[in-house]
Every structure is written in C-alpha cells, then in structure tokens.
Amino acid sequence: MPETSRHSWESFADLDGLEEARDSVHKIKRISRDTLYDLQELEPEKSYRLSYLREQFNFKGLDELFERYTERINQGYFSVFLILQFLFSVTHFSIVFGVNLVSQTTESVLPDLILYGITGCLSVGILMMNERYLKHKFYIVRYVGFLMLILVYISDWSVPVYGVYRNDPHLRPAYVTHILIVIFCFLGIASDLLVCTLGLVVTLTHLLTLAFVTYSDYTYFWQRLGSDCIFLLSINVIGLYYRWASELNKRRAFLDHRACVEATLKLTFDKEQEEQLMLSIIPKHTIDKVRKDILRKIEIVERMENIPRSDPMEIPYVQEYDNVTILYADIVNYTAMTTKLPVIKLVDVLNELFTGFDDASEQLNVLRIKFLGDCYYGVAGLPPNPAPNHAEACVDLALKMISIIRIVRANNELDIDMRIGIHSGKILSGLIGLAKWQFDIWSRDVLIANKMETTSEAGKIHITSETRDLLPKHKYKVVKTDRGSTNPLLQPYNVQTFFITPRSVENGRPHEAEQKKKLSVIGEQEAKPNGIVKSASTSNLCDFDVKNDAIFEQRRESLRNNQTPIGTIINRRPSGHPNVGRRITPTDIKRRTAFMDNNINRYKKLLQKTKENMKVAIEEMPFTKFDHWDHIHPIILTFRNLKAEKKYINLPDKLFKYYIVVYILLVLVTIVIQNLTLANWEWRLWFYYGTLSLAIFFLVPLTWASSLFNRRLDRKFKLVNLVSKFLCSASAFITHNTMVRIGIYVVTCGLFLFCVLGELSECADGRKESVGYLPKVAHYHEKLHDYCVIPWHMSQTISLTIFAGFLFLRMYIWLKVLFALSVSIFYALSVWNINPSYYDDSETFNYMIRPQIVHFMSLLFLTFTLHLIDRQSDYLHRLDFLWTEQLAVEQMEVNTMNKITKMLLTNILPVHVAKLYLDVKRNNTNVIYNEEYDNVAVMFASLVNLPVDTVSDKYFLQIVNRIVKDFDRELSNKVRRPIEKIKICNLTYMAACGLETCRTDLVIDDAPQEDVVVSLLKFATNLIKALKKINTETLSECQLKIGISNGKVMGGVVGSKKPLYDIWGDTVNMASRMDSTGVPGMIQVTQDTANTLRENGIECQFRDLVFVKGKEHKVPTYIVSLNNDDDLIYFDSTRL
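If you're matching positions, the sequence shown starts at 1 in the UniProt record's numbering and goes up one per residue.
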C-alpha cells in the first residue's frame, strides 16, 4: 500500500481520491476526553478548579439542574448513611446487650439499649421511606436527615452523661468521628458555612463532654483536651477535603452526563441537518445512495484498504425514469419589469413569486429543479412520493402559478404574466461532477418541454398530446393548436400541442377570493434609487432560438443571461451611497432566511431539549449498583468487561497532587497528637521527619510541577531550565501512570503506618522493662506518660492512618480496603497481645465493655464508613466513565456526520456562506449573506462539438460527467488563488475568482497576490488541457468556448428553501456574452479584462467589435494568446 500523506478532505473531489485521506479521517475520529458542551472550552487545569467550575455553571445557567442532580446523588448518600446507622446501631446494641447479659448487668445499660434500638429502627423505616416515597422530595430528606443527625448526636452524648449518674465517669462518646463524616458527606447540605458551623458545634460539644465528664479527674487535662481538639479539627479539615473533591467530581460528572445527553441529541440533530440539507439540493430518492457512498468510502479508509478505482465514465448518481411530466415556466415581460423596478423591489417581487411557486409545487408533489433568473422548471412523478397523476399535478401547478403572478401583478401594477410549457416522457435525473452539486434533469423530452414553454403564450399552458392523454377528461378547457407542425422550434420533434386556458379574470384583475390570498409583503413606500449596481441583463432566460437538436441545448442561453437573486437580502451597498429604499420587515427577513434560520431554531430547540432530557435523566438516575448490573458488578464493583476495567483503572488522576498535600497535613497532626501528652517530645523519632521530608521535598515538586508551571510560567516564557522540564515531565508521568501512583500510595501509606506503630512499639518495650504490672489508672497516668502515648490518642493516630489510605480517592478501592483492614487487624493484635493491660484502663463507650473492644470497633466502623463512601464515589466515577465512553462513540458519529454535513454544504455553497449556515450561535435576524465585490473574474466555458446525434442519451451524459469531473478536480489546485465553481447548466461551466475576500477560513499573507483575472485565466487554460487529454482517450473532438470578464459583482444565496449560491451583475452578463459570441478553442475577454492581462504581461489580440445583447453599441473583444501547449504567452518570457 502506498504511503499516505496528510490531506484534509473537504469536498467530494477529495473523496474521489481517498487514498490520501486516511490521516484526515482518523483525525476526524479522534475526540477529546472532555465533554461536548463545556470541558472542550476549558483549560485542563481550570477544569479542575472548583471556583472556576462554579463560575461556568452560573454563567451557563446550569445551577438549577445541577442542584437537582446533586439532590439525587445525595439521596443515594443519605441511603448509605441510614444503612450505616442501622448496622452500627445493631452491632453496638448486640455487643452491649451480649456483654451485660453475661455479667447480668442489663438493667444498667437499658437506656443505652433503648437509644440504639430506636436509632436502628428509625434508620430502617426512613430508609424504606426514602427509597419508595421521597425520590422527588429531597427537601423532606433534608429535614429527616437533620433529625436523624440530632437523634444520633443525642444518643452519643447522653450515654457518657448517664454514666456519671451511674458512677461510671470514664465513658467517652462513641460516634463523634462518624457524626462529623455524616455532616460533611452524607446529609447533602448545600451551604459550606452551615456545614462548617455544624462541624464546629459538634467538635465543641464533644470537647465539653470530654472536659466535664470523661477527663474530669485526669492529670495533663489540657494536653489531653488539646490532642482531642487537634484530632477533631483535622477530621473537619478532612471532611472539607472530601466535600471539595466530591463537588468537583460531581460537577465534572454532571458535565459528562449532560454532554452524553447532548451528544445523543446532537447526533439526531446532525442527522436531521444532513437530511434537511440534502433534501434541499437532492431529492429523497437520490439521498440514500449518496450517503451510503460517502460512508462506504470513509469505512474503506478506516480499514486501511485501497480505494477501488472507479470507472471515469460512471454516473453513479443519475437514474432514468420513463414516465414523468416536465414543466417549464417563464415570466413574460421580465425585461420590462427589471427596467421599471428598483433592485430591492425587484428582488421582493421575484422572491414573492418564487416562494409562492415553491409552496404550490410542494403541495402538489411537483419537484422544483431550478430557477434561473425568470425561468422556473420542475418535474412530477419522481419517487419517493410521486403525484397520483403527474400530468395533472403539473397542470394544476401551472394554473396556480398563473393565479399567483396575476395577484402579484395586480398588487404591484406590473404588466407581467406566465408562459408555461408541459410535456410527459422519460428523463435522466441526478448529479454529475464532483463539486457544487445541483440536481438536474436531461433528455430529449426535457428539451421538448423547454420548447413548449418557448412557443407558448402569456397566461396559457402549452401541453403536448402525451400530457393531454394522461389528464382526466372534462376537467380542463383544452384547445388544440397547430404549433407542433408550424413552429420551426417544434417541427423537428413531431409533436401535437394543445392550450389550457385558466378561468377568466375580469378586467385583468383577480377575483375577490384570490385577492384575499394576497401574497405580497412589499410595503407601499416606493423604493428610491440606492446606488446598487443594477443587474446587467434583463433578457428572457428561456426565450432563445434553437441551434441544433442536442439533448442539452434547451437551457444554453438561460445560462448566458444574468440571474437575478431570488429570496435574498441585500444588506450591503456600495460605499458613498445612502442606505435608502423600502424597509426590510422582520417578516421579510424570516421568510428569506428560512433555510439558515431554520438551522438555528432547530439548534435552540436542541439545547432546550437537552435541558428537558437532562431533567428526565436526573430523575431516573440509578440509586443502586444493581441498576447497572449488565455493566458493573454490584458487589465487587468492577466492570464485567475486562477491557473497560483496565481502561478505567488506567485513567489519569488529576487530583493526585492534592492527596499529597492532605497526606502531609495528616503526618503533621499525627506528630502533634502523639507528642502533646508526653512529658518530653520524642524528637528522636527520625522516621517521622524522614517521611515528612520525603513528602515535602520529593513528592510535592513531582506532583505539582506541571500544574504550577502551566498556570504561571508557561504563558510568560518558555521552559528552558532542564530541572523545570524534568519536573513537569515527571508530574505528567505520575498523573497518567497508574502503576507509579500505586507505588507512591503503597510507599506513603506504609511509611505513615510505620511512623504510627513505631510509637506503639516504643511504649510496649518501655513498659516491659520498667514496670512489673500495670497499676491502676491514677498510677498509670502518673508514671507512664513520659514514654507512652495515651491509648485513645494512639487510636486516633491509627484512624488518621486509615484516613490517609482513603484520601487517595481514585486509587483502587479494594487496595484501600486491604490497607485499612490490615492496619485495624494489626492494631487489634497489638492491643490484645503486646500490652493488653495498658489498654484495659483506658476509656470505653459503654458500661462493662472492655476498652480493647471499643478501640477495635471504632476502627472497623471508620473503615466500613469510609469504604461505603468510597464505593459510592467510585460507583459515580464508573458511571461517569460509562457516560464518557458512550459520549466517545456518539461524538465519533457526530464528528463524522458533521464532516459529511460540511462537505455537502460546501459542495453547494462557498465556504464562507456554508460557515454562516453551520454557525448556530449567530444572531438569526438581519443576516448578511449577500456580498458586493469590487473585482471578481467570471468565466463561462461551453462545450461544443460533442457527439450528440451519434450516441444514446445515457452515454452522452457519461461523457459530459467525465469532462465535468476533470474540470472539478482542477478546482483543488492550491498554487493559484481559489476558484469558486458557481454552477454547471447544460454544457456550460461557470466559475469565478475573487469571491474569497469574505472568507475567514483563509489565511492571506502580506505578499502581493496574483490578480484574479490571471488566476482564472490559468484555470481556463488547465480546462483546455484537461479536455484535450480526454479527447485523446475517447477519440473525440470536443472543444471549449470560453468567455471571461472582470469587475463588480453581487453574490448571494438564491432561494429561501433550497439554497443555491449565485452571482449577478454586468460582469457576469459580459462573461456570458464573451462565451456565447466566442470562438471554439479560444478564450475571449472584454477590453477591460484585456487591459488587466496586459498589465500583467499577458498577450491579447484584438478580435472585433461584437454586438452584445443588452448593450446599445458593439463592444470590442479580445482573444487571449496561447502557445502550442495551451500556455499563456507573456511579453517578457522571464515572467513565465
């Protein structure tokens, strides 16, 4: 397979050579891991700043939805809290009841048992109520959760207070850590201030309970209370950290979830947009074939296969239909109307006419093919919704068109009418070429229909016998004529013709019923001269003499005349002229910009539907892991798909650097707690400071370097320092490498545990050497505080160790559970085996419960609580991952659809006009999509000497398609200035150069550019060379007759529903005349164009004074000099 180059396929000409487009397709498929809606716009670091995300949510109006989203998530957390409280209450109740039952002291703990029983029963009841009845009533959940918190707090506080009454003063509250975790993580309180206040209140009341109940007669009172205060404050800080990380992840998950919803709708939107776009230029029966062909070629590229060579004579998008009816219509006295009306009012009148024609044709299932200036033609009988009687549909449309034009005539006091011809037969219909597709029809019968219009009369419908035979009898007033045998235009076709006359119109004005159907939107104010360059030609586009019987000769002169813009808004006027004329009303704008504004309106509906669908998705969010049984195992919480699990585990962790900061804080707190109650601080414990130094001087720079440099330094100067580059690379490596993060986790948590347990071993060793047995508490406090950490403070540092393991939020959950259980079990073994008597005299939770039990129970409760929080958090992360993966698939489809839509649109409109259509964020009022250009070169190139009479219709069209394809390929030449193909009609190829001045997609450097005339002339010589190559291959003698002119033109979109880009002006008219009066095999130009060429050193020869329609006097014309190789001849050969 040949090596491919980087190529951006933007058109069907590029698709035709897809072997060079593989990299481009893969680039299309490559998508961001961020969201469609928001995170694509954010810088990586900003998207992990909570303050910035809050600003973005507020700016984008997402706060209300996010509030409901968090409410639903918090309902899940509230359920977890109730489950925890039930399990803790049942466990605590069982232990207290069992121990006191054995010791026969149940009556002493009866209040304790009642409180635990009430708490457990209420937890179950509220849990069931929350699952069944409170799904949509989170405000009730808040109140119920607050009441449960108060109940748990009162139960926890009343037990040690009741112990004083029971002469058991050394009891301590059991659930203070649990209560603080509930406040920060489970209740879903929105206000940060309220959460902090509740945390501080619980902390303060717990300290008061310790001061006046538990520590009332202890020595080193303030040191003990200080250690507890530091521990509780650290729990508050950890709670704030969890709260911050939870909100950050919730907001990002919300954006991902919303993006997933939007991506689904966007995919539908893009498919509808593509469908609407294709339907605007291609009938339904041709769309599927075009779409399948595009997608098939893209799939071939993705599979890295060779593109099959297509037959150059193939016409894949042309189909033959044997039984259809063709209608041609022309405005009578169009020339007089264009001279009478100002340009703006002329545009209004034509737009009013053709909009009415389009509406009528749509109602009658007649497919409008094109309108060229004042010429309108269509066909009935094509799939997928053919009219029941295609001949009748065309006649009814013709009658409606006559009625419409008479209404407009009466309202605007114009002398205009319709001349219509209809014929039934067979056609070839479809698309030819590679660029600027326009659906068209070809055949001998199409030519007859055109001749029927030319030979018709004003206000009448000229039909052939083939059409008459298909009409229902006695419905129309049909009158036979002899024009088929007497008119020279119809004689070669041997047809019999008839006239259908519409119902009479009194005094030339419509009946009252028609008057009520007034179509005009033109104001009564007469337009004043506005300085716009007038349309050059006012000739009848469809009124011409036949020169031969060629199949495609019927519209040759139509293309030669200037096309007036239909359905456009002229918003630009030449400088120096006042902006006067009839006021454009909002109704006018809405009607004329229907095609573009419909896209914006549909996009606005998409955004609204996104919000509605997001509301539904939020309400249907799964509460439990069993709702995603197919994807996530509800017990072990892993993906059933191993590839998905591996991909999830290997996701980068952008919050890893924050874990290290909290880890350092916990190390510092542990040092203070373990030393505060000692007579002398144990500074000899070097491993504490070694661990702290490792974290500060090694991990912090490695994890924070990339963020700090990207945020502050990279915008000011490039990183040139090797150390800075190394730190940034190492930081990114840690963030994106799972195994490295696991290694850091194991090392840091292991060091933390080693530091904490080192103090425990010191106490155990000292006890064995100095004391024969453990004395009572009073003696213990007096003798052992020099080297032994108080048991509960040791348990608190073990709790901080467990916290340190769980604060790595994106670490694998079972690794964290394994670490926490190992710490708890090892600590329990130490408590029971190394120094059991040392812990026997420490405080307990309940009467008769050994302290060792409650020490271990507190650690297990903490481990289980943190694990459930971790499970819930990891579950949400996994859901976010699933949404992101779904988003990736859908966005891949969206990107492909966007590319196809863009290709289709730029294949019928210039790039800058196509961008206007695709820009759904633009203001949809007063849209400017007509431009006036000061200097544009226009070319008409007509094919002559084709083998018309010697080949079949289909083969002749294949030859034309082959020629047009090669011409279209010349458009992609990047050396010269861009050439814009305007259209191809019949055998004439129209193009222009200089229309890119309004394009924002082009980067124009400061270097002098080639003149537009020179660029277009080079393009014309390339067409001559391409045609000669085809002649050699096909043994033909076809020639090109080319005309070029340059000057001012007006460009814009023609049509309000079916957009066609066109240009008009005297320059266009003169280019057409240079072609029609030209010489085969030569390029004829106007005098002004010849002067421009001579200024650029290109040789031109004066031909003659030629009569040009629309000009009072003959005009001088020139022939461009070409050498034997069809290259331009310069005055100075060095300029070649």
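Here a beta-carbon is modelled for each residue, glycine too, at the ideal position from N, C-alpha and C.
Relative to the C-alpha of residue i, which candidate in the options has its C-alpha closest?
i, options, result
"residue 53", "101, 203 and 245", "245"
"residue 374", "380, 354, 391 and 362", "354"
"residue 982", "992, 482 and 1100", "992"
"residue 1127", "1030, 672, 1017 and 107", "1017"
"residue 856", "1108, 828, 844 and 485", "828"
"residue 316", "292, 1089 and 140", "292"
"residue 1181", "758, 760 and 702", "Not covered by the structure: residue 1181. The range shown for the chain is 1 to 1136."
"residue 946", "86, 1035 and 1022", "1035"
"residue 1041", "985, 1114 and 939", "939"
"residue 397", "383, 385, 384 and 379", "379"
"residue 667", "198, 692 and 103", "692"
"residue 1089", "222, 1117, 70 and 792", "1117"
"residue 268", "896, 1129 and 851", "896"
"residue 100", "846, 748 and 91", "846"
"residue 102", "453, 614, 848 and 1026", "848"
"residue 953", "223, 249, 428 and 124", "428"
"residue 449", "356, 89 and 330", "330"
"residue 247", "1014, 276, 884 and 877", "877"
Based on the DSSP output, what are the partners of residue i in its beta bridges?
i, result
"residue 332", "417"
"residue 256", "Note: residue 256 sits in no beta bridge, so no partner."
"residue 729", "According to DSSP, residue 729 bridges with nothing at all."
"residue 195", "In the DSSP output, where bridge partners are listed per residue, residue 195 has none listed."
"residue 366", "380"
"residue 423", "326"
"residue 844", "171"
"residue 320", "428"
"residue 1128", "1122"
"residue 749", "Per DSSP, none; premise fails for residue 749."
"residue 185", "Residue 185 pairs with nothing; no bridge assigned."
"residue 639", "632"
Would you please state the rounded distance, in angstroms, between the beta carbons of residue i and residue j? I believe it to be under 8 Å.
i, j, result
"residue 989", "residue 967", "6 Å"
"residue 1065", "residue 1043", "Actually they do not touch by this definition, with Cβ atoms about 15 Å apart."
"residue 995", "residue 936", "6 Å"
"residue 283", "residue 367", "6 Å"
"residue 216", "residue 676", "About 19 Å; that fails the 8 Å criterion."
"residue 260", "residue 886", "5 Å"
"residue 179", "residue 148", "The Cβ separation is near 11 Å, so there is no contact."
"residue 243", "residue 210", "Wrong, their Cβ atoms sit about 26 Å apart, outside the cutoff."
"residue 649", "residue 738", "6 Å"
"residue 95", "residue 742", "With a Cβ gap of about 36 Å, residue 95 and residue 742 do not count as contacting."
Task: Within the UniProt domain "Guanylate cyclase" (926 to 1075), ranges of the beta strand (DSSP E) (whole runs, at least 3 residues) - done: Runs found: 930 to 944, 979 to 985, 988 to 993, 1039 to 1054 and 1060 to 1064.
Open item on the list: With three or more beta-carbon pairs closer than 8 Å as the criterion, would you say the segment 425 to 439 touches the segment 388 to 396?
Closed with: The segment 425 to 439, when compared against the segment 388 to 396, does not touch it at the 8 Å Cβ threshold.
Task: Touch test, the segment 1062 to 1073 against the segment 953 to 961, Cβ-Cβ under 8 Å, three pairs minimum - done: Segments in contact, no.
Open item on the list: Which complete alpha helix (DSSP H) runs does the segment 437 to 510 hold, if anything under 4 residues is left out?
Closed with: You should have 444 to 454, 465 to 468 and 483 to 486.
Task: Ordered list of beta strand (DSSP E) runs contained in the segment 41 to 117, each at least 3 residues - done: The beta strand (DSSP E) runs of length 3 or more contained entirely in the segment 41 to 117 do not exist; there are none.
- [ ] Decide if the segment 322 to 337 is in contact with the segment 437 to 449; the criterion is three or more beta carbon pairs, one per stretch, under 8 Å apart.
- [x] Taking 8 Å as the limit for Cβ pairs, the verdict is that the segment 437 to 449 does touch the segment 322 to 337.
Open item on the list: Any contact between the segment 813 to 824 and the segment 152 to 165? By contact I mean 3 or more CB pairs, one from each, below 8 Å.
Closed with: Output reads no: the segment 152 to 165 does not touch the segment 813 to 824.
Open item on the list: Tell me whether the segment 485 to 492 and the segment 397 to 413 touch, counting them as touching only if at least three CB pairs, one residue from each stretch, are closer than 8 Å.
Closed with: Too few Cβ pairs lie closer than 8 Å, so no.
Task: Cβ pair count under 8 Å reaching 3, the segment 451 to 465 against the segment 420 to 430 - done: Output reads yes: the segment 420 to 430 touches the segment 451 to 465.
Open item on the list: When you compare the segment 859 to 874 with the segment 64 to 84, are there three or more beta-carbon pairs, one atom per stretch, that lie closer than 8 Å?
Closed with: Judged by Cβ distances under 8 Å, the segment 859 to 874 makes contact with the segment 64 to 84, as three or more pairs qualify.
Open item on the list: Could you check whether the segment 662 to 670 touches the segment 746 to 756, counting it as contact only if at least three pairs of C-beta atoms, one from each stretch, sit closer than 8 Å?
Closed with: Under the 8 Å Cβ criterion, the segment 662 to 670 counts as touching the segment 746 to 756, having at least three qualifying pairs.
Open item on the list: Is it the case that the segment 109 to 121 contacts the segment 56 to 65, given that we only count it when at least three CB pairs across the two stretches are under 8 Å?
Closed with: Touching, no.
Open item on the list: Counting beta carbon pairs with one atom in the segment 187 to 200 and one in the segment 631 to 639, are three or more of them shorter than 8 Å?
Closed with: No, they do not touch.
Open item on the list: Tell me whether the segment 233 to 253 and the segment 165 to 184 touch, counting them as touching only if at least three CB pairs, one residue from each stretch, are closer than 8 Å.
Closed with: Cβ pair count under 8 Å is three or more, so yes.
Task: In chain order, each alpha helix (DSSP H) run of at least 4 residues that lies wholly inside the segment 850 to 876 - done: Within the segment 850 to 876, no complete alpha helix (DSSP H) run reaches 4 residues.
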